[in-house]
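S.K.: FYI, numbering that gives the first Met the number 0 numbers position 129 of the sequence shown as 128, with every residue one higher than the one before it. All C-beta atoms in this analysis are idealised placements derived from N, C-alpha and C, irrespective of residue type, glycine included. Next up is a structure, given as structure tokens.
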Amino acid sequence: MAASTFWLLNALNKSYSTQTTYPIRFLYPESRLVPVKPLPEEIVINVTGKGWKLLRKSLKVDVKPADIPVQSLPRNKYVLGSSLRPALVNSLDGLVLNFVVTDTIYFDFDERIRRRVGLSLDPKQKITEDRFSVVGPVNIEPDSITFVGPSTMVNSIPDPFLLRLPATLSAPAKVEVPINFDNKPLVKANTAQAVISVNVKGLVQEERQIIPEIVNAPVGRTLTLRPSFVMVRYQLLEDSVAIMNRDTFRAVLDFSKYNPRDSTLVPELIQKPTGARRARLYPERVKAVVEVER
0 MAASTFWLLN ALNKSYSTQT TYPIRFLYPE SRLVPVKPLP EEIVINVTGK
50 GWKLLRKSLK VDVKPADIPV QSLPRNKYVL GSSLRPALVN SLDGLVLNFV
100 VTDTIYFDFD ERIRRRVGLS LDPKQKITED RFSVVGPVNI EPDSITFVGP
150 STMVNSIPDP FLLRLPATLS APAKVEVPIN FDNKPLVKAN TAQAVISVNV
200 KGLVQEERQI IPEIVNAPVG RTLTLRPSFV MVRYQLLEDS VAIMNRDTFR
250 AVLDFSKYNP RDSTLVPELI QKPTGARRAR LYPERVKAVV EVER
């Protein structure tokens with residue numbers, strides 16, 4: 000044991016040249032810059048030094064990383080390993096740097112920005128079930144959200160930021176909707192969810208026969224319609240059933256849009272009472288037989 004100890008101590012007092020990894024550290028203003036990708040943490044170098052020093056470096060005991068300062072957004076996304084020599088020499092306590100083995104280290108910084116965008120309900124989403132309708136404005140709290148992160152990622156977020164309800168509604172509701180967006184590890188939002196308040200009321204479906212008016216009719220000719228009436232189907236709020244004036248529905252058949260191929264006209268709804276929703280006319284085409292007056 001004494002001989003082994005003596006041999007080890009003697010060996011550690013000798014000088015050696017070896018290849019090893021060495022830690023590096025990027026110094027940058029975190030309030031203005033953000034790394035888009037994980038930064039490299041070490042490089043490979045070739046050094047000469049006493050066995051004691053090499054052992055301490057390999058065990059990561061009291062090792063000072065080589066600092067790489069980044070003051071502003073760099074034009075290049077890489078740095079040559081040879082250019083790190085001054086920073087390494089200042090950090091290698093008791094070791095002599097022979098050369099840098101790592102040829103190039105890569106990094107990607109972007110400007111850190113703050114951007115505020117409005118919140119809105121996705122207009123393509125169906126909000127209510129079939130026999131229900133939204134009454135009044137949809138309220139979103141908060142009405143906007145602030146994102147902080149790399150400029151390329153933050154600027155790609157749409158404005159307004161669209162929210163979707165998890166399910167269709169059949170009654171008034173306040174729904175908590177999470178704020179979901181890409182690049183969450185790098186992009187932060189000042190709120191994790193929004194509360195959407197929607198007033199929903201039930202609808203009643205009705206239908207009514209109306210006689211369409213003929214406009215731009217040809218002079219000296221008579222028109223025979225088949226059928227002579229059209230059906231309007233519509234919905235209205237339950238509390239409007241007793242007060243709606245159903246006599247104000249008006250439909251027209253415009254002969255200037257006559258289709259000679261199948262002798263049809265398309266009925267158009269030009270007037271409907273206040274409160275009528277989703278009104279449609281049936282049939283979609285009316286046969287019009289044209290005869291010369293005698």
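Is F248 helix, strand or coil when you go by DSSP?
M.R.: Residue numbering aside, residue 248 sits at position 249 when the sequence shown is read from its first letter. Here F248 sits in coil by DSSP.
S.K.: In the DSSP output, which residue or residues are listed as bridge partners for I174?
M.R.: Position 175 of the sequence shown, counted from the first residue, corresponds to residue 174. In the sequence as presented, Ile is not what sits at residue 174; that position holds Val. Answer is I195, bridged to V174.
S.K.: To the nearest angstrom, report how far apart Y27 and P73 are at their CA atoms.
M.R.: Along the sequence shown, one-based indexing puts residue 27 at 28. Along the sequence shown, one-based indexing puts residue 73 at 74. C-alpha separation (whole angstroms): 11 Å.
S.K.: Output needed for E40: all residues of its chain with C-beta closer than 7 Å, excluding positions within five of it in sequence on either side, in chain order.
M.R.: Counting from one through the sequence shown, the residue named residue 40 turns up at place 41. Around E40: P22 and I23.
S.K.: Rounding to the nearest angstrom, what Cα-Cα distance links N198 and Y233 in this structure?
M.R.: Translated into positions along the sequence shown, residue 198 becomes position 199. Translated into positions along the sequence shown, residue 233 becomes position 234. C-alpha separation (whole angstroms): 21 Å.
S.K.: Counting only the same chain and skipping the five closest in sequence on each side, list residues whose C-beta sits under 8 Å from that of A216.
M.R.: Residue numbering aside, residue 216 sits at position 217 when the sequence shown is read from its first letter. Answer for A216: L222 and F254, listed in chain order.
S.K.: Less than 8 Å between the CB atoms is what I'm expecting for G80 and V99, so what's the real figure, rounded?
M.R.: As a position in the sequence shown, residue 80 is number 81, starting the count at 1. As a position in the sequence shown, residue 99 is number 100, starting the count at 1. G80 to V99, Cβ: 4 Å. Contact.
S.K.: Alpha helix (DSSP H) containing N89: first to last residue?
M.R.: By 1-based counting over the sequence shown, the position of residue 89 is 90. R84 to S90 is the span of the alpha helix (DSSP H), which, as asked, contains N89.
S.K.: Where do the ends of the alpha helix (DSSP H) carrying T101 lie?
M.R.: On the sequence shown, position 102 is the one that residue 101 refers to. From DSSP, T101 is part of no alpha helix (DSSP H); its letter is neither H nor E.
S.K.: Report the option in D181, R114, D66 and R207 whose CA atom is closest to the CA atom of N89.
M.R.: As a working note, residue 89 is residue 90 in the sequence shown. Taking only the C-alpha atoms, the option nearest N89 is D66.
S.K.: Mark L280 as exposed unless 16 or more other C-beta atoms lie within 10 angstroms of its C-beta, in which case mark it buried.
M.R.: By 1-based counting over the sequence shown, the position of residue 280 is 281. By the 10 Å Cβ count, L280 comes out buried.
S.K.: So if DSSP puts Y281 in a beta bridge, which residue, or which two residues, is it bridged to?
M.R.: Position 282 of the sequence shown, counted from the start, is the residue given in the question as residue 281. According to DSSP, which records beta bridges pairwise, Y281 is partnered with M230.
S.K.: Tell me, to the nearest whole angstrom, how far the beta carbon of A191 is from that of P171; I am working on the premise that it is less than 8 Å.
M.R.: Counting from 1 along the sequence shown, the entry for residue 191 is found at position 192. Counting from 1 along the sequence shown, the entry for residue 171 is found at position 172. The pair is not a contact, with the Cβ atoms about 24 Å apart (cut-off 8 Å).
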